[in-house]
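Quick note, the sequences are listed as chains A and B, same order. Numbering follows the UniProt record's numbering, with no gaps: position 25 of the first sequence is 25. Numbering follows the UniProt record's numbering, with no gaps: position 142 of the second sequence is 142. Yeah, the Cβ is synthetic: ideal placement off N, Cα and C, and Gly gets one too. All remarks here apply to the structure that follows.
There are 2 protein chains.
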Amino acid sequence: MSKSIVIVDDHVLFGQSLKGLVDSFDDYRVKAVYKNGKELQENLRKMDLRPDLILLDIRMPVMDGLQTMQWLKQEFPKQKAMALTMEDDEEILLKMLGLGCRGYLVKDIDPDKFKQALDSVVDTGYYVDKEVMEELERKERSKEQFSEREIEFLQYVCTEMTYKEIAAEMRLSPKTIDGYRESLFVKLDIKSRVGLAVYAIKNNFCTI
Amino acid sequence: MSKSIVIVDDHVLFGQSLKGLVDSFDDYRVKAVYKNGKELQENLRKMDLRPDLILLDIRMPVMDGLQTMQWLKQEFPKQKAMALTMEDDEEILLKMLGLGCRGYLVKDIDPDKFKQALDSVVDTGYYVDKEVMEELERKERSKEQFSEREIEFLQYVCTEMTYKEIAAEMRLSPKTIDGYRESLFVKLDIKSRVGLAVYAIKNNFCTI
DNA sequence: ATTGCAAAGGGGAAAAACACCCTTTTTTGC
DNA sequence: GCAAAAAAGGGTGTTTTTCCCCTTTGCAAT
Numbered sequence: 001m002s003k004s005i006v007i008v009d010d011h012v013l014f015g016q017s018l019k020g021l022v023d024s025f026d027d028y029r030v031k032a033v034y035k036n037g038k039e040l041q042e043n044l045r046k047m048d049l050r051p052d053l054i055l056l057d058i059r060m061p062v063m064d065g066l067q068t069m070q071w072l073k074q075e076f077p078k079q080k081a082m083a084l085t086m087e088d089d090e091e092i093l094l095k096m097l098g099l100g101c102r103g104y105l106v107k108d109i110d111p112d113k114f115k116q117a118l119d120s121v122v123d124t125g126y127y128v129d130k131e132v133m134e135e136l137e138r139k140e141r142s143k144e145q146f147s148e149r150e151i152e153f154l155q156y157v158c159t160e161m162t163y164k165e166i167a168a169e170m171r172l173s174p175k176t177i178d179g180y181r182e183s184l185f186v187k188l189d190i191k192s193r194v195g196l197a198v199y200a201i202k203n204n205f206c207t208i
Numbered sequence: 001m002s003k004s005i006v007i008v009d010d011h012v013l014f015g016q017s018l019k020g021l022v023d024s025f026d027d028y029r030v031k032a033v034y035k036n037g038k039e040l041q042e043n044l045r046k047m048d049l050r051p052d053l054i055l056l057d058i059r060m061p062v063m064d065g066l067q068t069m070q071w072l073k074q075e076f077p078k079q080k081a082m083a084l085t086m087e088d089d090e091e092i093l094l095k096m097l098g099l100g101c102r103g104y105l106v107k108d109i110d111p112d113k114f115k116q117a118l119d120s121v122v123d124t125g126y127y128v129d130k131e132v133m134e135e136l137e138r139k140e141r142s143k144e145q146f147s148e149r150e151i152e153f154l155q156y157v158c159t160e161m162t163y164k165e166i167a168a169e170m171r172l173s174p175k176t177i178d179g180y181r182e183s184l185f186v187k188l189d190i191k192s193r194v195g196l197a198v199y200a201i202k203n204n205f206c207t208i
């Protein structure tokens, strides 16, 4: 039976083209192509779709690879997913692996190797060395990680809303927001809201 | 007769996938896929290959889109080429257009629009995304309305420095900085430093 | 010379952000 | 169920940012 694949990539042209390529492999079928994590989220929830593998672009505007992976890990811990990146940003990659991502591909891989990587992930579960992965996973998890609420909060920090307004929007006490802010300052070694905003932008926690 | 296309993109996976997509259009055929400008150069010279359109990635390691376009303009002034970019970097885009590039596509265009763009370039000679163009003009216009000092100041707003510290750095009174801030708030219809920081980042007044 | 105008600098008050230390409620893992 | 941990909320004081209205300086044009 052929393996089902879901592609998540904001570059529609690439996503659709990749679908064409994958479909040309006898033993793989692309079940869907989504533009961002949010679309995946919605469709994974309602449609009883459990693909053998999700190919996840890292840089996406609405809900990026990291966020999506974080969500996937919580909601569908067994779901296999693989990062698909443009440039290999080590930091983000490490985070992805830490979140249980099964491997990663840079987009300049050639189609043959790509096929091999797919086979490897679907069969063995991993594309790169298993032990290294597990090691990384343990290390990363203990490192910095944000709570759901903190991540949600990060989406507001690069707007012109005051903390009070953000609190209202999130239906929380301003004091709680103050707590998130404080917690993030410590975790990220940041001292001001501007620093937080820049971090959020850099790491795709918000769209500007 | 079907139109011939050449794709130049260092991301082999993307290039090959795109080839698949283009070949799926009845009236187009991909004659070749190259990894960079140099490959294109060599092949365009020796093989008597004159495609109807060259799709040119901008960011490539060996010989990038700009260089390639420059060479094309000299060697084959009539050759139609179109930029294919990941993120829309205005500056480079402007240069490309200056070099006679026939249009530009961001890679998150959807396949239908992509097809339309191809048709447009091959038929009319040009394709430019309207929104992108308007965005570009707006940004360019806005750049000239700041003073030298204000622009210098903008480079500091997305750091964690306080205004007082920025003033010290610029050897100005904090009150003067306050004036720049105020002036920029009015000009840009912004109400907070975060807004200013986001503006500065968006419009490349500072690097993050 | 004088008007004209923009950049630079200032005072002071109110709002927002930051910091630190603390309590209550809710989850979560045996 | 219970203890531990995480999330949410609180009090209070300091610093920074924001806002408005004001003075001085320098330069430029008629």
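Pairing A:L55 with B:P111 gives a Cβ-Cβ distance that is not under 8 Å. In the pairwise beta carbon analysis, the stretch 17-26 of chain A is classified as not touching the stretch 47-54 of chain A: fewer than three pairs are separated by under 8 Å. Taken through DSSP and simplified to helix, strand or coil, A:T124 comes out as helix. For B:C206, same chain residues with a beta-carbon under 6 Å away, outside a window of 5 residues either side, are Q155, C158 and A200 in chain order.
Per DSSP, the unbroken beta strand (DSSP E) holding A:L56 starts and ends at L53 to D57. For A:P77, there are no C-beta contacts with chain B under 8 Å, since the nearest C-beta of that chain is about 28 Å from it. One Cα belongs to B:R149, the other to B:T176, and the distance between them is close to 10 Å. Within its own chain, the residues whose Cβ lies closer than 8 Å to the Cβ of B:N43, once the five positions on either side in sequence are excluded, are A32, Y34 and L49, listed in chain order. In the three-state reduction of the DSSP assignment, B:G20 falls in the helix class.
Of the residues assessed, A:S147 falls on the exposed side of the cut-off, its CB having fewer than 16 other CB atoms within 10 angstroms. In this structure B:M82 is buried. Its beta-carbon is surrounded by 16 or more other beta-carbon atoms within 10 angstroms.
For the 8 Å CB-CB criterion, A:G37 and A:M1 do not form a contact.
By the Cβ test, the stretch 114-128 of chain B is not in contact with the stretch 159-173 of chain B, since fewer than three Cβ pairs between them sit closer than 8 Å. Put simply, the CB of A:E169 is far from chain B, with every gap to its CB atoms at 8 Å or more.
Looking only at A:V121, A:M170 and A:L99, the smallest Cα-Cα distance to A:K73 is reached by A:L99. In the three-state DSSP reduction, A:G100 falls in the coil class, being neither helix nor strand. By the CB criterion at 8 Å, B:V122 and B:L53 fall inside the cutoff. In this structure, the straight-line span from the alpha carbon of A:V194 to that of A:M96 is close to 26 Å. For B:L84, there is no enclosing alpha helix (DSSP H); the residue is found in the beta strand (DSSP E) stretching over A81 to T85. For the C-beta of A:K107, the chain B residues within less than 7 Å are, from N- to C-terminus, H11, L13 and F14. Interface annotation, A:A197: in contact with chain B, CB-CB separation under 8 Å. For A:K202, the chain B residues whose Cβ falls inside 7 Å of its Cβ are I208, in order along the chain. For A:V8, the enclosing beta strand (DSSP E) covers residues K3 to V8. Looking at the DSSP output, A:R50 shares a beta bridge with no other residue.
B:S183 and B:F153 have their C-alpha atoms spaced approximately 12 Å apart.
With a threshold of 16 other beta carbon atoms within 10 Å, A:D189 falls short and is exposed. With respect to chain A, the C-beta atom of B:G65 has no partner C-beta closer than 8 Å. Note on the UniProt domain "HTH luxR-type" (139-204) of chain B: whole alpha helix (DSSP H) runs with a minimum of 4 residues are 148-154, 163-170, 174-188 and 193-202, in chain order. Not flagged as an interface residue toward chain B: A:F185, since no C-beta distance is shorter than 8 Å. For B:K31, the enclosing beta strand (DSSP E) begins and ends at Y28 to Y34. Rounded to the nearest whole angstrom, the C-alpha separation of A:D119 and A:L40 is 22 Å. The Cβ atoms of B:Y104 and B:L94 do not sit closer than 8 Å to each other.
A:C158 reaches chain B at V194 and V198, counting residues in chain order whose Cβ is nearer than 7 Å. Of the residues B:V186, B:I208 and B:S173, the one whose Cα lies closest to the Cα of B:E160 is B:I208.
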